[in-house]
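S.K.:
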Amino acid sequence: MRPFEFVAPETAEKAVAILAENSPNAKPLAGGTDMVVDLKHTNAVPKVVVDLNKIEEFRGIEMTDRGLRIGSLVTHTEIMEHPLVAEHAPAMIDAARTIGAVQTRNLGTLGGNLVTCVPSLDSGPVLVALDAEVTVVGNDGRRQMPLTEFFVGPRKTALNPDELLADIIVPTAMLGRATHFLKFGLRKGQALALVNGASSLRLDGGKVADARIALGAVAPVVIRAGKAEDLVNGTDADEAVLAEAGDLAAGECKPIDDFRASADYRRDLVRVLTKRTLETAYAIAKDKG
Amino acid sequence: MMIDVKMTVNGQERTASVAPETTLLTFLRDSLVLTGSKLGCDVGDCGACTVIVNGNAVNSCLMLAVQADGKDITTIEGLSDFEHLHPLQAVFEQMSSFQCGFCAPGMIISAKHLLDKNPHPSKGEVQEALSGNLCRCTGYTKIVDAILELTSEEASAA
Ligand SMILES: Cc1cc2nc3c(=O)[nH]c(=O)nc-3n(C[C@H](O)[C@H](O)[C@H](O)COP(=O)(O)OP(=O)(O)OC[C@H]3O[C@@H](n4cnc5c(N)ncnc54)[C@H](O)[C@@H]3O)c2cc1C
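Protein chains in written order, with our numbering: chain Z, 1 to 289; chain B, 290 to 447.
#1: Just to check, is the beta-carbon of Z:Asp122 closer than 7 Å to a non-hydrogen atom of ligand 1?
#2: Which class does B:Gly395 belong to by DSSP, given the choice of helix, strand or coil?
#3: Going by C-alpha distance, which of B:Lys406, B:Ala444 and B:Lys295 is nearest B:Ala354?
#4: Would you say the beta carbon of Z:Leu107 is closer than 7 Å to some non-hydrogen atom of ligand 1?
#5: If you reduce the DSSP assignment to three classes, tell me which class Z:Gly71 lands in.
#6: Does any CB atom of chain Z fall closer than 8 Å to the CB of B:Pro309?
#7: Determine contact between the stretch 218 to 226 of chain Z and the stretch 240 to 255 of chain Z, defined as no fewer than three beta-carbon pairs at a distance below 8 Å.
#8: Shortest alpha-carbon distance to B:Met352 belongs to which of B:Leu328, B:Ala435, B:Asp370 and B:His373?
#9: In chain B, what lies closer than 9 Å to Z:Pro3 by C-beta?
#10: Can you check the stretch 314 to 384 of chain B for any alpha helix (DSSP H) of at least 4 residues that lies completely inside it and give the ranges in chain order?
#11: So which residues of chain B does Z:Leu114 contact, with C-beta pairs closer than 7 Å?
#12: So the beta strand (DSSP E) Z:Ile213 belongs to, where does it begin and stop?
#13: Taking Cβ-Cβ distances shorter than 8 Å, what residues in chain Z pair up with B:Val294?
#14: Should the stretch 87 to 95 of chain Z be called in touch with the stretch 161 to 177 of chain Z, which here means at least 3 C-beta pairs below 8 Å?
#15: Could you give the distance in angstroms between the alpha-carbon of B:Leu437 and the alpha-carbon of B:Ala444?
#16: Tell me whether Z:Leu56 is buried or exposed, calling it buried when 16 or more other Cβ atoms sit within 10 Å of its Cβ.
#17: Kindly examine ligand 1 and report whether one of its heavy atoms sits closer than 7 Å to the Cβ of B:Gln356.
#18: Using only the heavy atoms of ligand 1, determine whether one of them is closer than 7 Å to the beta carbon of B:Asp331.
#19: Measuring CA to CA, which of Z:Lys275, Z:Leu19, Z:Ala132 and Z:Phe4 is closest to B:Thr312?
#20: Which term fits Z:Arg105, buried or exposed, when burial requires 16 or more other beta carbons within 10 angstroms of its beta carbon?
#21: Z:Phe150: buried (16+ other C-beta within 10 angstroms of its C-beta) or exposed?
#22: Going residue by residue through the stretch 159 to 230 of chain Z, where are the continuous beta strand (DSSP E) segments of at least 3 residues, counting only ones entirely within it?
#23: Is there at least one Cβ from chain Z nearer than 8 Å to B:Ala400's Cβ?
#24: How would you list, in chain order, the residues of chain B whose beta-carbon sits under 7 Å from the beta-carbon of Z:Asp51?
#25: What span of residues does the alpha helix (DSSP H) with Z:Ile284 cover, start to end?
#26: Please find out if some non-hydrogen atom of ligand 1 comes closer than 7 Å to the beta-carbon of Z:Leu147.
#27: Going residue by residue through the stretch 30 to 109 of chain Z, where are the continuous beta strand (DSSP E) segments of at least 3 residues, counting only ones entirely within it?
#28: Residues of chain Z with CB closer than 9 Å to the CB of B:Asp361, please, in chain order.
#29: Could you tell me how far apart the beta carbons of Z:Ala198 and Z:Pro146 are, in whole angstroms, since I believe they sit closer than 8 Å?
#30: Against chain B, which members of the stretch 88 to 110 of chain Z pass a CB distance test of less than 8 Å?
#31: From B:Asp331 to B:Cys350, what distance separates their C-alpha atoms?
#32: Go to Z:Thr148, then tell me how far its alpha helix (DSSP H) extends in each direction, as first and last residue.
#33: Counting pairs of beta carbons, one from the stretch 370 to 385 of chain B and one from the stretch 73 to 87 of chain Z, are three or more of them closer than 8 Å?
#34: Check the Cβ of B:Met352 against every Cβ in chain Z and list those closer than 8 Å, keeping chain order.
#35: Mind the definition here: the stretch 40 to 55 of chain Z touches the stretch 6 to 22 of chain Z only if three or more C-beta pairs lie below 8 Å; say whether that holds.
#36: Taking the straight line between their C-alpha atoms, what separation do you get for B:Gly367 and B:Gly300?
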């Protein structure tokens, strides 16, 4: 690894000041599962690495008046083991469980995952399907935005170089919502998603309402399949509707061809994933009554 | 730039001055001469460098030594002494679970981490817990069998 300077400030305000002072030659470090690989194997070594791990306010999971708040430094393992997540947003656990292996989940953080903003990031779809919002802290204070605005493009977020992701909030209205996540990879263990996605919905008079279908790895960022959502709203999500929703979603995504899979195969997976996640979300909603 | 760190490694307090670009793995191997943890892929895929930090199995190739400041670390060397093997080591030996042995320290550390959290795992849980540890010799069967053998022995002894 090429040499760099290392600082571990104790507050978000100090951290963003250091980032601003050294911009654009400073970079934040969380769990390091992406960043340390980059430090070793790319030329993108910053002059200053700003370790966020001492910033207490970036930790923890708690209920607030706005909803379930998850600090950006919370690891995937902590999400999997937290009772508030199990109770209010269990699909987040299903997504966390598919990330890397035990070692990756013990180090890797939710914030780091979202900031990498790779199209296949596994924590993205459930959070998009639950209208998650993020808090960004910078030198001029804090701002809040929907996660869908935070994701700008492949490996590009709305963060300025001197800003940090502080936390992620699942809004109160979306807590306990019927949600289902699926990931298709080439293996069961430690595989990047060919396609991942989540559907969430509620029932209104027994019919689907406000459906959200979020798809990952099939467009520059996580997308919502709006046409498929419109189609399922107001229905009983029967076979025919689900099949058509799958077709619509497949048409709404723009997957790439690469060495892992062809665009056609990915589109086929979207068809299946959309159907299955809707079907299961609907069953969960019915079950809740 | 050098930074002073203090950590507990296998029950012993260690202090050192490290360059920030040193990984925990390099620190353990080169400075503390604890060469049980292996450098395999160097990108977090293979698990040969797995150690336990504050109760969590992590890839020490992805952690900076400075980030381990103040932490409690267990490496394969911390499981046994020259006279006594850890039960996991003994059962792996008894069941001939390794050939070349390169993945062994990481495998055993991951297995220990699993059993610390879940003393009676199912076969699926063992496979899941080891999915971040790659073995290119034995094909995993005997490794999984060894862990299940140990937990069933303990169950019948209890
Ligand atoms: C073997 C292996 C398997 C993996 N498998 C998967 C997988 O299946 N699915 C998946 O989605 N990912 C996977 N990953 C990627 C990675 O583990 C995750 O994205 C992880 O959540 C990243 O978090 P981190 O804390 O390690 O981030 P870091 O590596 O510390 O940081 C990642 C990036 O985010 C920035 N950053 C981190 N935190 C903040 C913050 N609070 N504010 C601003 N910027 C920040 C850093 O500057 C850096 O650019 C895998 C990685 C490895 C090594």
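Positions of the beta carbon are idealized from the N, C-alpha and C atoms, including for glycine.
M.R.: Let's see:
#1: Yes; taking the cut-off as 7 Å, the Cβ of Z:Asp122 has a heavy atom of ligand 1 nearer than that.
#2: helix
#3: B:Lys295
#4: yes
#5: strand
#6: Output row for B:Pro309: interface = yes.
#7: The stretch 240 to 255 of chain Z and the stretch 218 to 226 of chain Z touch, with three or more beta-carbon pairs separated by less than 8 Å.
#8: B:Leu328
#9: Neighbourhood of Z:Pro3 in chain B, by CB distance below 9 Å: Met290, Ala308, Pro309 and Glu310, in chain order.
#10: DSSP runs (the alpha helix (DSSP H)) wholly in the stretch 314 to 384 of chain B: 376 to 383.
#11: Those within 7 Å of Z:Leu114 in chain B number zero; the least Cβ separation is about 18 Å.
#12: Lys207 to Gly216
#13: Here the premise fails: no neighbours, minimum Cβ distance about 11 Å.
#14: yes
#15: 10 Å
#16: Note that residue 56 of chain Z corresponds to Glu in the displayed sequence, not to Leu. Around the beta-carbon of Z:Glu56, fewer than 16 other beta-carbon atoms lie within 10 Å, marking it exposed.
#17: no
#18: no
#19: Z:Phe4
#20: With 16 or more other Cβ atoms within 10 Å, it is buried.
#21: buried
#22: 164 to 171, 178 to 184, 195 to 204 and 207 to 216
#23: no
#24: Gln356
#25: Ala263 to Lys288
#26: no
#27: 48 to 51, 61 to 63 and 67 to 71
#28: Near B:Asp361 there are no residues of chain Z at all, since even the closest Cβ is about 14 Å away, more than 9 Å.
#29: At roughly 16 Å, the Cβ-Cβ gap does not stay under 8 Å, so Z:Ala198 and Z:Pro146 are not in contact.
#30: Gly100, Ala101, Val102, Gln103, Thr104, Asn106 and Leu107
#31: Taking the straight line joining both Cα atoms gives about 6 Å.
#32: Leu147 to Phe150
#33: no
#34: Near B:Met352 (Cβ distances below 8 Å), the residues of chain Z are Gly32, Val36 and Leu107.
#35: yes
#36: The straight-line gap from Cα to Cα measures roughly 8 Å.
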